Amino acid sequence: MAPKSKFILDANVIITAHSFGIWQQVTNKYDVYVTKTVIEEVQYFLSKKTSQKVSIELKAEVTKQNITAIEGDVLLLQKLFAKTKNLSDTIDPVKPRPFLFF
Numbered sequence: 126m127a128p129k130s131k132f133i134l135d136a137n138v139i140i141t142a143h144s145f146g147i148w149q150q151v152t153n154k155y156d157v158y159v160t161k162t163v164i165e166e167v168q169y170f171l172s173k174k175t176s177q178k179v180s181i182e183l184k185a186e187v188t189k190q191n192i193t194a195i196e197g198d199v200l201l202l203q204k205l206f207a208k209t210k211n212l213s214d215t216i217d218p219v220k221p222r223p224f225l226f227f
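Under this note's numbering, the first residue of the sequence shown carries the number 126, and numbering increases by one thereafter.
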């Protein structure tokens, strides 16, 4: 079975995954797509152990093909939301889901 794809549309998802130490598991388990805007935005996370800033090198992960950079234009977002429209009744608007699975 092919791995599911994750489209990450929010920088905080990547920062939080790094801070919890699970980013590697996410990229190993899923085909991860990140908008170029988010790749530019993500710079570092604060280590829970040391409270120090730790650099996040997403451009290097694109180069290594661990993640795929995509254009985050309106047409792409419309397509993604159209595919998830049937899920709208099950998503709590107070707790947004920044991962989209396909």
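We put the beta carbon where it would ideally sit given N, CA and C, even for glycine.
Given the structure is predicted, the values throughout are model-derived calculations rather than measurements.
For residue i, which beta-bridge partners are listed by DSSP?
i, result
"Leu171", "Lys178"
"Asp156", "Ser130"
Determine the direct distance from the alpha carbon of residue j to that of residue i, and round the result to whole angstroms.
i, j, result
"Val151", "Gln168", "18 Å"
"Phe132", "Ser176", "29 Å"
"Leu134", "Val157", "11 Å"
"Ile195", "Lys204", "13 Å"
"Thr193", "Ile140", "17 Å"
"Tyr155", "Lys129", "5 Å"
"Glu182", "Thr162", "14 Å"
Excluding the five sequence neighbours on either side, which residues of its own chain have a C-beta within less than 6 Å of the C-beta of residue i, listed in chain order?
i, result
"Ser172", "Val179"
Quick check on the DSSP output: the beta strand (DSSP E) that includes residue i runs from which residue to which?
i, result
"Ile192", "Ile192 to Ile195"
Label residue i either buried or exposed according to how many other C-beta atoms from any shown protein chain fall within 10 Å of its C-beta, with 16 as the threshold for buried.
i, result
"Glu186", "buried"
"Phe145", "exposed"
"Val159", "buried"
"Val199", "exposed"
Along the chain, where does the alpha helix (DSSP H) that runs through residue i open and close?
i, result
"Lys131", "Per DSSP, Lys131 belongs to no alpha helix (DSSP H); it is in the beta strand (DSSP E), Ser130 to Ile133."
"Ile164", "Lys161 to Glu166"
"Ile139", "Ala136 to Ser144"
"Lys184", "Leu183 to Thr188"
Can you list, in chain order, the residues of its chain with a C-beta nearer than 7 Å to that of residue i? Leave out the 5 residues immediately preceding and following it.
i, result
"Leu201", "Ile195"
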